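Undergrad:
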Amino acid sequence: MTTEVVSPSLIPTLPGHTYVSEDIFRAEQEHIFEEMWFCAVRTADLEKAGSFKTVQIGRESVLINRTRKGEVRAFYNICRHRGVKLCMEESGEANRSFQCPYHAWTYDLEGKLIAAPNLTKMPDIDRNEYGLVKVHVREYMGYVWVCLADEPPSFEEDVMGAIEERLGDLRAVDDYDIANLSLGRRIKYDVKANWKLIIENFMECYHCATIHPELTEVLPEFADGLAAQYFVGHGAEFGDDIKGFTIDGSEGLDRIPGVGDDQDRRYYAVTIKPNVFVNLVPDHVIIHRMFPLAADHTIVECDWLYLPSVVESGKDVSASVELFHRVNEQDFDACERCQPAMGSKIYAKGGVLVPSEHHIEAFHSWVTSKIADVPADS
Amino acid sequence: MTTEVVSPSLIPTLPGHTYVSEDIFRAEQEHIFEEMWFCAVRTADLEKAGSFKTVQIGRESVLINRTRKGEVRAFYNICRHRGVKLCMEESGEANRSFQCPYHAWTYDLEGKLIAAPNLTKMPDIDRNEYGLVKVHVREYMGYVWVCLADEPPSFEEDVMGAIEERLGDLRAVDDYDIANLSLGRRIKYDVKANWKLIIENFMECYHCATIHPELTEVLPEFADGLAAQYFVGHGAEFGDDIKGFTIDGSEGLDRIPGVGDDQDRRYYAVTIKPNVFVNLVPDHVIIHRMFPLAADHTIVECDWLYLPSVVESGKDVSASVELFHRVNEQDFDACERCQPAMGSKIYAKGGVLVPSEHHIEAFHSWVTSKIADVPADS
Amino acid sequence: MTTEVVSPSLIPTLPGHTYVSEDIFRAEQEHIFEEMWFCAVRTADLEKAGSFKTVQIGRESVLINRTRKGEVRAFYNICRHRGVKLCMEESGEANRSFQCPYHAWTYDLEGKLIAAPNLTKMPDIDRNEYGLVKVHVREYMGYVWVCLADEPPSFEEDVMGAIEERLGDLRAVDDYDIANLSLGRRIKYDVKANWKLIIENFMECYHCATIHPELTEVLPEFADGLAAQYFVGHGAEFGDDIKGFTIDGSEGLDRIPGVGDDQDRRYYAVTIKPNVFVNLVPDHVIIHRMFPLAADHTIVECDWLYLPSVVESGKDVSASVELFHRVNEQDFDACERCQPAMGSKIYAKGGVLVPSEHHIEAFHSWVTSKIADVPADS
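Line order of the protein sequences matches chains W, G and X.
Be aware that the first sequence starts at 1, since it is given in my numbering, and climbs by one per residue.
Be aware that the second sequence starts at 379, since it is given in my numbering, and climbs by one per residue.
Be aware that the third sequence starts at 757, since it is given in my numbering, and climbs by one per residue.
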């Protein structure tokens, strides 16, 4: 038995224990999900003043809401008094404030402490200092990104930079006008696998011929095993007889006006670490957001976005949704089937990457460097 | 973000991790529940010789029974031979002995080994030494208190002392004649929260106006946020138009004869660490016993006790039971809503106590001192 | 409270924590189940080329199959590429190969890598080196035994030696012709107890009078508490009015031809560490295989084997199966009732063994020595 890699065709993956260790996962929560910009909710889901969503980011519950001025704010979802979880629901509407159901400490939509029993008799309490603890917020591409770090990293480098690195420039965000598209469908997947397996899966197409018959029918070049993400700026071309990015190659929906002829009939995919996949086709955009909950458990929320006129008209988007929904199910099944072997002694040094997967090594190096920052005594 | 407490109105709670750490909980099991007097069962539940109950105390299952002489004994619920759990049921009737179902080692109701296959051929076995392992027992206020420590602490100081400290003297136990009351209702609550949150909740009334509308209707002074436990000897007075301690303020049951006029129309509450709450009103007594099972899981058993004549006559106690049953549900809901935030990084130093909660600090100091006894290497 | 053993009649068992500690269990997985010969599947269950079974051994999933040459091979059930669990089912039929469902790496029934997308473009990949990782295999007594150690211990000493040590010689395996018997019934038991409790239970008969009324009816000497395994070569004799090894002592099935008159009307039991019990009676053989899954969880698979002519004729084996099925249930109930007390502080030093159980001490010493091999830093 040897797992030494001696063939130039093959390079090693991460060691198996990095996919199962709860210690590694805790380090990833601390140094990746809780320190980076994390794509949390779709901006349009916060419809009006008081609309809120709660999301789990790393080990924290985060409360994101729209203020009366129409801005988006995010806070730790915890009352400052005795630690009650303020909002239990995944989404809802606050009227003018958030009131803790235990002792009625009350915060306005900006997070300021505005009322509490006997508060007037405790004038020394600074209502801002004892307001909800804020987290950093950015709106981009129609989504709210939050960062729990005290000093957030550069959004331009980390988020926008990932798009530029993959597509060559940021035009796509403008061309596909993502922020102004409408939600046609949302599906939530409960995946019993490590988040890194899901990213690795999205980054390579060596598996496409085996598990994605419908997708390779639409994108014949995928059958060769080279992912759309392999070459800067490259989008995989539709097959000759394919009319749209649909389960059966039938006509898609209305083309997004900004999509240029060079982008037409092509599929582009972008990975924005640590939790987002962007998929661009002429008539819609598919956004995956991952929510890693445990070393072997990840929730993936997937949005299918179309022109507002398409969604409002009630056009049938099923054939369009069905294609990537099936791809998702095929991919997540594969990831779930990897997970149980990660702890085996013969996978202690990991598996191997073939040449068309070698670019995943950059992801592995990145994860390793993030976790390497952990001081030995933490 | 800062959690430094600078306002004199506010003092800190225990750090958040003390409510979620299984290591802390293990230390609490070892140094609190397994070393202190623990209120286990109601004496009257052991009706006759051979009646037994089993209860979980710390990490141990304890078997409590009534002997043929009518006395109460308690043992580790474990056969001395190969470790079988002797009694699986929560309660039952042994005839004259406890027989292990595996190899038939048999113990009398005093715990002595009285029979076993081939025992006569093993004359060197001392039947007392290989009897059931005893735990210390005291009967008080109609309940059996047990202590798993080799050298129990002073029952007079710890248990009786808690009553004296709260009420000024031990008269209540005589006046309300608790040991001779009858059980009108028993409700068991399964609470997904740390036992300390439940004690803290019981000790303060700052939350009463927010979550206990029925209780504050009956006890108007509770709306101010000062708990009955705040002043030595004080009992909260019923509202003017309140006829009894019932869900709708209607007439209660027959007044306990020993209750003096100074105690009439008043509610007294006492916390006896580590697991008992006593609630006194003119016509009944409510006793809570907590059974902490995990850092985030506690069973609470609550007894409503009335004059034997009330229970025997079959009078309807529902309006009376309903009031504190609802209070229990409101309180335990609040505790369950605190639990998930205890592990948050912004709760690492804990929350804050307002002036009407400051007395809880004594409980925090007590817990801390109990756990501080743990040597670093244990 | 003392657990010092001062009576010569009594010797101590293993300490209680060895039955509950997940660290101890991990050491047992590593140094016992993953290093010894482990009885995995019945050879006849691999009917033809491509038939496979998967079994959990220690922390590993093992894939066992029959090759086109009719031989049995065993592998770690993991694709060498990215770690997918190759076969999810407990049993099935592969056609000519095992193909990974993720990227289609394909292995022949000998484990050799025979195909993969683009494999021809990666000529530096050695198809044997990247074949499935083999585990050692032996066929004996109609079962496939596997060993995950790089250097397996002596099968002759460990497996055959255990039979010789118990029965005096290996004749039984020939006399009862176990490899050529047919499966009459298989029952799988899910036992919530440590595997060592199950072995200890099988090794002694001090419990027989208490929990096995049917068995002691058939084997009267068991009522005295001496197990069949107590004396080398001894088989417990059927009672005078017993016609067969059946639930009601009624006639059994056809006697196995090789069984000699000295073996007739007798029951022999053999323990083959770490996971097999063999039970011999004139007309059938009962084989238990244990699969320890956690410190407190063990699967036991029990096979009742008869002459092929008996099974083929469709004769009713129920009265025969029912006897030991009931014994199994009685034993496993007892083991499950021991498990919860193993963590008690009064069982920290363990329980005691009476003289008719003293031979279990050898098993305890053996376990202790196996785990003692664990270096302090592992």
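Positions of the beta carbon are idealized from the N, C-alpha and C atoms, including for glycine.
Keep in mind that this is a model prediction, so the values were computed, not measured.
At the 8 Å Cβ level, is Arg-458(G) part of the contact set with chain X, yes or no?
TA: Yes, Arg-458(G) lies at the interface with chain X (some Cβ there is under 8 Å from its Cβ).
Undergrad: Work out the CA separation of Glu-438(G) and Lys-1101(X) for me, nearest whole Å.
TA: Looking at the two C-alpha atoms, the distance is approximately 8 Å.
Undergrad: What is the DSSP secondary structure of Thr-67(W), reduced to helix, strand or coil?
TA: Reduced to three states, the DSSP call for Thr-67(W) is coil.
Undergrad: So Tyr-684(G) and Leu-559(G) are in contact, right, with Cβ under 8 Å, and what is the actual spacing, rounded?
TA: Indeed, because the Cβ distance is near 6 Å, the residues count as touching under 8 Å.
Undergrad: With a threshold of 16 other CB atoms inside 10 Å of the CB of Glu-406(G), please say whether the residue is buried or exposed.
TA: Glu-406(G) is buried by the Cβ-count criterion.
Undergrad: Buried or exposed for Leu-46(W), please, with buried defined as at least 16 other CB atoms from any protein chain shown within 10 angstroms of its CB.
TA: The residue is buried, with at least 16 neighbouring Cβ atoms inside 10 Å.
Undergrad: For Asp-240(W), which of Leu-219(W), Phe-231(W), Tyr-189(W) and Gly-252(W) has the nearest alpha-carbon?
TA: Of the listed residues, the one whose Cα sits closest to Asp-240(W) is Leu-219(W).
Undergrad: Would you mind reading off the limits of the alpha helix (DSSP H) that contains Glu-361(W)?
TA: Here the alpha helix (DSSP H) through Glu-361(W) covers 360 to 372.
Undergrad: Using alpha carbons as the reference points, say which of Lys-952(X), Glu-920(X) and Trp-901(X) lies closest to Gln-1197(X).
TA: For residue 1197(X) there is no data in the structure shown, the boundaries of chain X being 757 and 1134.
Undergrad: What are the residues in the region 672 to 686 of chain G lying within 9 Å of chain X by C-beta distance?
TA: If the cut-off is 9 Å between Cβ atoms, the region 672 to 686 of chain G has nothing near chain X.
Undergrad: Could you tell me the alpha carbon to alpha carbon distance between Gly-611(G) and Ser-385(G), rounded to whole angstroms?
TA: Rounded to the nearest angstrom, the two C-alpha atoms are 30 Å apart.
Undergrad: Would you list, in sequence order, the uninterrupted beta strand (DSSP E) runs of no fewer than 3 residues that lie entirely inside the region 41 to 124 of chain W?
TA: Those beta strand (DSSP E) runs which fall completely within the region 41 to 124 of chain W and span 3+ residues are 51 to 57, 60 to 66, 72 to 76, 91 to 93, 97 to 99, 106 to 108 and 113 to 115.
Undergrad: Given a cut-off of 8 Å on the beta-carbon distance, is the pair His-837(X) and Trp-861(X) in contact?
TA: Cβ atoms of His-837(X) and Trp-861(X): closer than 8 Å.
Undergrad: Give me the chain X residues within the contact set of Ala-527(G), using Cβ-Cβ distance strictly less than 9 Å, ordered along the chain.
TA: Per Cβ cutoff of 9 Å: no residues; Ala-527(G) is ~11 Å from chain X at best.
Undergrad: Would you call the region 767 to 787 of chain X and the region 1093 to 1113 of chain X touching, i.e. three or more CB-CB distances under 8 Å?
TA: Touching, yes, given that three or more Cβ pairs across the two stretches are closer than 8 Å.
Undergrad: When you compare the CB positions of Met-1098(X) and Tyr-775(X), do they come within less than 8 Å of one another, or not?
TA: Yes, the Cβ-Cβ distance between Met-1098(X) and Tyr-775(X) is below 8 Å.
Undergrad: Starting from Phe-1033(X), follow the beta strand (DSSP E) in both directions and report where the run begins and ends.
TA: Note, Phe-1033(X): beta strand (DSSP E), 1032 to 1037.
Undergrad: Whole-angstrom Cβ separation of Lys-841(X) and Pro-340(W), contact assumed at under 8 Å?
TA: Right, their Cβ atoms sit about 5 Å apart.
Undergrad: Sort out for me which residues DSSP pairs Pro-764(X) with in a bridge.
TA: According to DSSP, which records beta bridges pairwise, Pro-764(X) is partnered with nothing at all.
Undergrad: Given this structure, state the Cα-to-Cα distance separating Ser-429(G) from Asp-553(G), to the nearest angstrom.
TA: Looking at the two C-alpha atoms, the distance is approximately 29 Å.
Undergrad: Counting pairs of Cβ atoms below 8 Å between the region 161 to 175 of chain W and the region 316 to 326 of chain W, do you hit three or more?
TA: Segments in contact, no.
Undergrad: Compare the C-beta of His-325(W) against all C-beta atoms of chain X and say whether one is closer than 8 Å.
TA: Not an interface residue.
Undergrad: For Leu-593(G), which three-state DSSP category applies?
TA: Note: Leu-593(G) maps to helix in three-state DSSP.
Undergrad: From this set, Lys-69(W), His-103(W) and Ile-199(W), which residue's C-alpha is nearest Glu-361(W)'s C-alpha?
TA: It is Ile-199(W) whose Cα lies nearest to the Cα of Glu-361(W).
Undergrad: Against Ile-881(X), what residues of chain W qualify as contacts under a CB-to-CB distance less than 8 Å, listed in chain order?
TA: Neighbours of Ile-881(X) on chain W, chain order: Ser-7, Ser-9 and Leu-10.
Undergrad: Ignoring anything shorter than 3 residues, give me the beta strand (DSSP E) runs that lie fully in the region 661 to 710 of chain G, in order along the chain.
TA: The region 661 to 710 of chain G contains these whole beta strand (DSSP E) runs: 662 to 672 and 675 to 684.
Undergrad: Considering Lys-134(W), what are the terminal residues of the beta strand (DSSP E) in which it resides?
TA: Looking at the DSSP string, the run of the beta strand (DSSP E) that includes Lys-134(W) is 134 to 140.
Undergrad: What did DSSP end up calling Phe-38(W) once you bin it into helix, strand or coil?
TA: The answer is strand: DSSP assigns Phe-38(W) an E or B state.
Undergrad: Which residues of chain G have a Cβ atom closer than 8 Å to the Cβ of Asn-95(W), listed in chain order?
TA: Within 8 Å Cβ-Cβ: nothing; Asn-95(W) doesn't reach chain G, min ~17 Å.
Undergrad: Can you name the residues of chain X whose CB is closer than 8 Å to the CB of Met-342(W)?
TA: Neighbours of Met-342(W) on chain X, chain order: Gly-839.
Undergrad: So what's Arg-505(G) in DSSP terms, helix, strand or just coil?
TA: Coil at Arg-505(G), not helix or strand.
Undergrad: Between the C-alpha atoms of Thr-588(G) and Asn-706(G), what's the straight-line distance to the nearest angstrom?
TA: Approximately 14 Å, taken between the alpha carbons.
Undergrad: Just to confirm my understanding: we take Ser-309(W), look at its own chain, exclude 5 residues before and 5 after, and list those with CB closer than 7 Å. What are they?
TA: Taken in chain order, the residues that qualify are Asp-254.
Undergrad: Quick one: which residues of the region 723 to 742 of chain G get their C-beta closer than 9 Å to a C-beta of chain W? List them in chain order.
TA: Flagged, chain order: Lys-723, Ile-724, Tyr-725, Gly-728, Gly-729, Val-730, Leu-731, Val-732, Pro-733, Ser-734 and Glu-735.
Undergrad: Does DSSP classify Ile-1012(X) as helix, strand or coil?
TA: Note: Ile-1012(X) maps to coil in three-state DSSP.
Undergrad: In whole angstroms, what separates the C-alpha of Ser-9(W) from that of Glu-357(W)?
TA: Their Cα atoms are separated by approximately 10 Å.
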